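Presented below is the structure to which this report refers.
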Amino acid sequence: LDADDASTITLNGSLVSAWSDRNASTVTFTQAIASAQPTYQLNARNNRPAIRFSTGKFLKNGTSGLTNYRSLMVVYNDTSTAQYTTPVGTVYISTPPVGGAYHGHLDDTQTFSEIYTDARTLNGANFRNGIDIGTGITTPRPDNICVQTHSATGSLPQLLTTIGADDAQSTVRNIIGDIAEVILIGSALSNEDRQNVEGYLAWKWGSV
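The structure is reproduced here in structure tokens:
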């Protein structure tokens, strides 16, 4: 998902009603309710647009979501103090290892919940602006735009359904901030690949 590619975004005035990915097999996240549509924010980052989310604003894949991914790269910020917010929401699974793929913490003092985030994510490679943040449970949510990368220890089975909020309670567990780009990858990232893409995203969005 790339906010700088206007052809992938459907607007309702200045509001976003749909955001499609750039793959040949297009996946689209939509929002039919105008009051829940995020804002298309021009010149948000580095003279490029971003999708701006706030309380009650989110986009949803209304079909079946995405599954069997392993790595995520997301350019975003989140100043929310609400419970369990996350830029990319997934269905919570109750079979071991339990959790959401990227479940937010109870407050804004941690990026991930050590209870509700899948251990494959917590124990994987987690970076912000190229800096290792370990499990993400000692690093607060990013108030400033950043490049955040997660490469799990194994394939993640949770359906990825939501952009800008948690899947289960998407009307109250919303980020407050911008999402500029989301890259989902089916395999683990080598350090070299991660660093190359992080460098490109940092240059593109002026995040560091």
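Counting in this note's numbering, the sequence shown runs without a single skipped number right up to 1471 at its last residue.
Beta carbons are placed, not taken as given, at the ideal position from N, Cα and C, and that holds for glycine.
Just so we're clear, the structure is a prediction, and the values are computed from it rather than from any experiment.
Every beta strand (DSSP E) stretch that sits fully inside the region 1283–1343 and reaches 3 residues is listed by chain position as 1291–1293, 1302–1308, 1311–1316, 1332–1339. In this structure, Ile1408 keeps its C-beta atom at 7 Å or more from the C-beta atom of Ser1453. Looking at the DSSP output, Thr1273 bridges to Ala1281.
Within the region 1393–1437, not a single complete alpha helix (DSSP H) segment reaches 4 residues in length. Taking a C-beta distance under 7 Å as the contact criterion, Arg1436 and Tyr1347 qualify as a contact pair. Counting only the Cα atoms, Ser1277 lies some 19 Å from Asn1309. The C-alpha of Phe1390 is placed about 25 Å away from the C-alpha of Gly1328.
Going by beta carbons, Thr1384 and Arg1404 fall outside the 7 Å limit. Here the alpha carbons of Asp1265 and Gly1440 stand approximately 16 Å from one another. DSSP places Ala1388 inside the beta strand (DSSP E), whose first and last residues are 1388–1391. The Cβ neighbour count for Ile1438, taken over all protein chains shown within 10 Å, is at least 16; the residue is labelled buried. Under DSSP, Val1351 shares a beta bridge with Ile1426. 7 Å or more divides the Cβ of Thr1271 from the Cβ of Ser1280.
The region 1411–1429 and the region 1359–1366 touch, with no fewer than 3 CB-CB distances between them shorter than 8 Å.
In the pairwise beta carbon analysis, the region 1309–1320 is classified as not touching the region 1417–1424: fewer than three pairs are separated by under 8 Å. Its chain contains Asn1275, Leu1278, Val1279, Ser1280, Gln1294, Lys1320 as the residues whose beta carbon lies nearer than 7 Å to that of Gln1300, once the 5 sequence neighbours on both sides are disregarded; these appear in chain order. Assignment of Ala1443 by DSSP, reduced to helix, strand and coil, places it in the strand class. If you draw a straight line from the Cα of Gln1304 to the Cα of Thr1416, it is about 35 Å long. Between Ser1418 and Ile1448, the alpha-carbon positions lie close to 10 Å from each other. Per DSSP, the beta bridge partners of Thr1380 are Gly1363.
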